[in-house]
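With the numbering used here, the residue at position 197 of the sequence shown is 197, and numbering never jumps. Every residue, glycine too, gets a C-beta built ideally from N, C-alpha and C. Working notes for the structure below.
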Amino acid sequence: MHCSNLYLTEQQGRLAERLVGHFGGEPGGKIFFANSGAEANEGLFKLARRVGMAKADGGGASGTGVSETGRFEIITATNSFHGRTLAAIAATGQDKIKAGFGPLMPGFAHVPFNDLEAVERAITSSTAAVLVEGVQGEGGITPATPEFLRGLRALCDRHGILLLMDGVQCGHFRTGRFQSYETILGPGSDDFRPDACSMAKSLGAGFPIGAFWCAPEYADALSAGSHGTTYGGNPLACAVANAVLDVVERDALDTHVQDVGAKLFAGLEGIRARHPDKVKDVRGLGFMVGLVLHDDAAGVDAATGDAIAPAGKLVPDLHALGMLTVPAGTNVVRLLPALNTPWDEMEEALRILEQGVEAL
Ligand SMILES: *Cc1c(COP(=O)(O)O)cnc(C)c1O
């Protein structure tokens, strides 16, 4: 399964070529392979700093508005999630992920998600990049709006900073198209590209592999020696990811996720309509959806008088009924079914979910 990274392997070259092809454009950029999502994001942070440092030349004196130390700060969103390494927890906009691990790595600023003006206000002469998830996953299944994405692209271009996207959870066909921004922007999204994008999770369909793509303009910013990995891009992981892509193409899982995802969403909307006292909202895209519960949907703890976290109650209830889900925050139950889940299994899931909601 292992080959020294001094050598090209056929599986890695083929996978890189296919992924670059999906990001589109000519030339299409480069891929760096890692072993996990957090590690892929570390590559994004290092890319942003490298590109930002290079802009230190001349500094403020030349009137470019770039600080003498170069640009190093990355703006991310409140409620974001970017992984568990020290840099990734600093990037993450959730206190519970950081608690007890200080001092935090400097160089990250957080602004509310989907708030373009807040991003603009946070940009300083030290800003190197903006990093967002297309759909916030851990933060509660919140998709970016098309206006936010388009606005970020224009803002980053205007200030000469990188637009980075964390596609670890929402990427690789999870939302019905290759990357979530294609789903969000819809037909005619071909003119939109971030400068770099991380991936993992469904890239390997459960097998550990991560990657980040980088646009051709920045493809030489990191090089052999300045960034590297021993196991990233190993032949076994790349063979798995190639096989996953084969199945996605063979079974047209992109349109499958779009079609069945639309029916799943409608089914969840039905549960919301029948149980408006329990279910507040349905959010998400494709096979990345969340049932948002009212804060008091699970009632109040008799001993403490505090509201019981409704997702924390429903997830184990569903487990007992035979379905595995995962909470996102305190009040969202998150559904991330396998990309090839057939509709009849979704129907069963909807039945179990409704049973759980009724019993809350
Ligand atoms: C899961 C996740 C990560 C971290 O990936 P790991 O493989 O667990 O390191 C980073 N970003 C997002 C958006 C994620 O959902």
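For residue 110, which residues of its own chain have a beta-carbon under 8 Å away from its beta-carbon, when the five flanking residues on both sides are left out?
-> 75, 76, 77, 78, 80, 93
Using only the heavy atoms of ligand 1, determine whether one of them is closer than 8 Å to the beta carbon of residue 81.
-> yes
Under 8 Å Cβ to Cβ from residue 366, same chain only, skipping five residues before and after it: list those, please.
-> Here the chain covers residues 1 to 360 and nothing more, so residue 366 does not appear.
So the alpha helix (DSSP H) residue 16 belongs to, where does it begin and stop?
-> 10-23
When burial is assigned at 16 or more other CB atoms within 10 Å of the CB, is residue 7 buried or exposed?
-> exposed
Nearest-angstrom Cα separation, counted from residue 3 out to residue 9 | 8 Å
Residues near residue 322 by beta carbon distance below 7 Å, same chain, minus five either side = 352
Contiguous beta strand (DSSP E) assignments of at least 3 residues, all confined to the stretch 307-342 = 326-328, 332-335
With DSSP as the reference, label residue 174 as helix, strand or coil.
-> coil
Confirm the yes/no value for this check: CB of residue 125, any heavy atom of ligand 1, distance under 8 Å.
-> no
Give me the Cα-Cα distance between residue 268 and residue 276, rounded to the nearest whole angstrom.
-> 12 Å
Close Cβ partners of residue 264 (< 7 Å) along its chain, the five nearest in sequence each way excluded = 289, 346
Distance between residue 27 and residue 99 (C-alpha atoms, nearest Å) = 43 Å
For residue 21, which of 143, 213, 195, 85 has the nearest alpha-carbon?
-> 213
Do you know whose CA, among 348, 302, 35, lies nearest residue 324's CA?
-> 348
Grab the span of the alpha helix (DSSP H) containing residue 40 for me, first residue to last.
-> 37-54
Using a threshold of 9 Å, state whether the C-beta atoms of residue 32 and residue 40 are closer than that.
-> yes
Please state whether DSSP places residue 1 in a helix, a strand or coil.
-> coil
beta-carbon residue 169 near ligand 1 non-hydrogen atom, thresh 8 Å = yes
Could you pull out every unbroken beta strand (DSSP E) segment of at least 3 residues lying fully inside the stretch 123-200, listed in chain order?
-> 127-133, 162-166, 196-199
Can you list, in chain order, the residues of its chain whose CB lies under 7 Å from that of residue 148, leaving out five sequence neighbours each side?
-> 114, 116
Given 8 Å, three or more beta-carbon pairs between the stretch 222-238 and the stretch 187-200 | no
Spatial neighbours of residue 152 within its chain, please: CB distance less than 8 Å, with the 5 preceding and 5 following residues excluded, ordered by chain position.
-> 116, 119, 130, 132, 163
For residue 37, is the beta carbon positioned less than 8 Å from some heavy atom of ligand 1?
-> yes
Close-in-space but distant-in-sequence residues of the same chain around residue 170 (CB under 7 Å, 5 per side omitted) = 133, 134, 135, 137, 180, 288
Taking the alpha helix (DSSP H) that residue 75 falls in, what are its first and last residues?
-> No alpha helix (DSSP H) holds residue 75; the beta strand (DSSP E) holding it covers 73-77.
Which runs of the beta strand (DSSP E) fall wholly inside the stretch 75-122 and span at least 3 residues, in chain order?
-> 108-111
Out of 18, 25, 291, 233, state which residue places its alpha-carbon closest to the alpha-carbon of residue 141.
-> 291
Would you list, in sequence order, the uninterrupted alpha helix (DSSP H) runs of no fewer than 4 residues that lie entirely inside the stretch 191-268?
-> 235-250
Taking only heavy atoms of ligand 1 into account, decide whether any of them is closer than 8 Å to the Cβ of residue 96.
-> no
Is it the case that the CB of residue 200 approaches a heavy atom of ligand 1 more closely than 8 Å?
-> yes
Is it the case that the Cβ atoms of residue 198 and residue 167 are separated by a distance below 9 Å?
-> yes
Cα-Cα separation between residue 240 and residue 300, rounded to whole angstroms = 47 Å
Out of curiosity, what's the CA-to-CA distance linking residue 193 and residue 360?
-> 43 Å
Determine the closest residue to residue 46 out of 11, 218, 178, with distance taken between C-alpha atoms.
-> 218
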